[in-house]
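Under my numbering, the first residue of the sequence shown carries the number -9, and numbering increases by one thereafter. Note that CB positions come from ideal geometry on N, CA and C, so glycine has one too. Please read these numbers as outputs of a predicted model, since none were measured by experiment.
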Amino acid sequence: MGKLDGRVVLVTGAARGQGEQEARLFAAEGARVVIADVLVEQGEALAKELGEHVARFVRLDVGSEEGWAEAVTVAKDAFGKIDGLVNNAGILRFNELVNTPLAEFEQVVRVNMTGAFLGIRAVAPEIEAAGGGTIVNTSSYTGLTGMALVGAYAATKHAVLGLTKVAAVELAGKGVRVNAICPGAIDTAMSNPALLDPDADLSRSDAALGAYYRKLVPMGRIGRPEEVAALALFLTSGDSSYITGQPFVIDGGWLAGVSLF
Ligand SMILES: NC(=O)c1ccc[n+]([C@@H]2O[C@H](COP(=O)([O-])OP(=O)(O)OC[C@H]3O[C@@H](n4cnc5c(N)ncnc54)[C@H](O)[C@@H]3O)[C@@H](O)[C@H]2O)c1
């Protein structure tokens, strides 16, 4: 028996990275998954690999209202209901606040913050209609503290925690639990862009990241997307049945304090 038998979960940004691992783990735990992303080729390939009884790909730009309406229709046509959502899609831009163009700030807000809002608004009524379920929002380490050069990103990730708490309060009586994940540094294309470069020497970028996070993170290493997926599974499954409205930090101890050695 899987932890998600009978469930139908839509995961945004699921074509690669943490979202991909969430889709894979949820499917392995018995869920049917809707893989929603702007990366069509990768999303379709993942859905094909998981099989049509288990997975569907839908092209979704999470900042688009119409896109969400269509994604809900695709999910219900394929699997009859939706009773879980993981708002995972996100983008990161590096800039000092005083140099950040308005368009860049608004682009980050559109995907990370408006995307999570639209997802909750489109899917929560479906989860209620299905008899209850879960929403997991993806915030960040920088949803709880500051970090130079990621002002727009940190603002949106703080906002995601605000959305999570309000949604948890408003939806508790409707059988919908809403929690948030706050990852530290996780080994995906977002923190390790070399993963996207076919010509990159991955052993070099891995070594550089390894050295960096050995110093910064008490556990001495970068996190793996599979580890974040395991937390998303906990928050989506009945194992977390009395938990709602909470941020869950998964960061190897980074936020716990400063390492001296
Ligand atoms: N990797 C990290 O260190 C880290 C740390 C903290 C939080 N996060 C958060 O985790 C989540 C997943 O990121 P990741 O690490 O897997 O990075 P990633 O870049 O590999 O994955 C992000 C996914 O979101 C998709 N996406 C981007 N814009 C989209 C849009 N408008 N509509 C739909 N999909 C869109 C991308 O195509 C991609 O598949 C993000 O919300 C990110 O902010 C990541």
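Delimiting residues of the beta strand (DSSP E) encompassing residue i
| i | result |
| --- | --- |
| Asp27 | Arg22 to Asp27 |
| Leu0 | Val(-2) to Thr2 |
| Gly165 | Unbroken run through Gly165: none, as it is neither H nor E. |
| Val239 | Pro237 to Ile240 |
Identified DSSP bridge partners for residue i
| i | result |
| --- | --- |
| Ala253 | With the chain covering only -9 through 251, there is no way to say anything about residue 253. |
| Leu75 | Leu0 and Ile125 |
| Ile176 | Gly213 |
| Val140 | Asn85 |
Spatially closest choice to residue i from the options, by CA coordinates
| i | options | result |
| --- | --- | --- |
| Pro215 | Ile240, Val64, Asn77 and Leu225 | Ile240 |
| Leu245 | Gly133, Gly228 and Ala190 | Gly133 |
| Phe129 | Ala198, Val101, Leu139 and Ala119 | What sits at residue 129 in the sequence shown is Ser, not Phe. It is Val101. |
| Gln236 | Leu186, Ala106, Pro208 and Leu153 | Leu153 |
| Val30 | Asp229, Phe251, Ile171 and Asp51 | Asp51 |
| Leu250 | Leu225, Lys155, Ala61 and Val207 | Val207 |
| Gln97 | Trp58, Leu15 and Ala142 | Ala142 |
| Glu116 | Ile81, Asp67, Lys155 and Val99 | Asp67 |
| Tyr232 | Asp187, Ala162 and Lys205 | Ala162 |
| Phe95 | Asp73, Ala59 and Lys147 | Lys147 |
| Ala35 | Thr90, Arg14 and Met209 | Arg14 |
| Trp287 | Gly20, Val113, Ala93 and Arg22 | The structure shown does not extend to residue 287, since the chain spans only -9 to 251, so no value can be given for it. |
| Phe16 | Asn78, Ala79, Ala220 and Gln32 | Ala220 |
| Ala21 | Val99, Tyr131, Ile81 and Gly(-4) | Gly(-4) |
| Asn78 | Pro91, Tyr203, Gly53 and Phe69 | Gly53 |
| Val248 | Ser230, Phe224, Asp229 and Gly210 | Gly210 |
| Glu39 | Leu192, Ala18 and Ala145 | Ala18 |
| Leu(-6) | Tyr203, Gly123 and Asp191 | Gly123 |
Whole-Å CB distance - residue i paired with residue j, under 8 Å assumed
| i | j | result |
| --- | --- | --- |
| Val76 | Val(-1) | 7 Å |
| Glu12 | Ala222 | 5 Å |
| Thr226 | Gly105 | That pair is no contact at about 19 Å. |
| Val166 | Glu118 | 6 Å |
| Gly242 | Gly200 | Not quite, the Cβ-Cβ distance comes to about 13 Å (not below 8 Å), so this is no contact. |
| Val168 | Ala158 | 4 Å |
| Asn127 | Ala93 | Asn127 to Ala93, Cβ: 25 Å. No contact. |
| Asp73 | Ala120 | 4 Å |
Enclosing alpha helix (DSSP H) for residue i [first to last residue]
| i | result |
| --- | --- |
| Val98 | Leu92 to Val98 |
| Ile110 | Gly105 to Ala119 |
| Phe69 | Glu55 to Phe69 |
| Arg204 | Leu192 to Leu206 |
| Gly133 | First-last for Gly133: undefined, no H or E at that position. |
| Val30 | Val30 to Leu40 |
| Leu15 | Gly7 to Ala18 |
- Flag this pair as touching only if the stretch 178 to 190 and the stretch 1 to 11 have three or more C-beta atom pairs under 8 Å; answer yes or no. Of all C-beta pairs linking the stretch 178 to 190 to the stretch 1 to 11, three or more are shorter than 8 Å, placing the two stretches in contact.
- Query: Looking at C-beta atoms only, is the number of pairs between the stretch 102 to 110 and the stretch 86 to 94 that lie closer than 8 Å three or more?
  - Reply: The answer is no - the stretch 86 to 94 does not touch the stretch 102 to 110, with fewer than three Cβ pairs under 8 Å.
- Query: Are three or more beta carbon pairs between the stretch 14 to 31 and the stretch 42 to 52 nearer than 8 Å?
  - Reply: Three or more beta-carbon pairs separated by less than 8 Å link the stretch 14 to 31 to the stretch 42 to 52, which places the two stretches in contact.
- Message: Quick check: the stretch 134 to 144 against the stretch 190 to 203, are at least 3 beta-carbon pairs closer than 8 Å?
- Response: Three or more beta-carbon pairs separated by less than 8 Å are not found between the stretch 190 to 203 and the stretch 134 to 144, which leaves the two stretches without contact.
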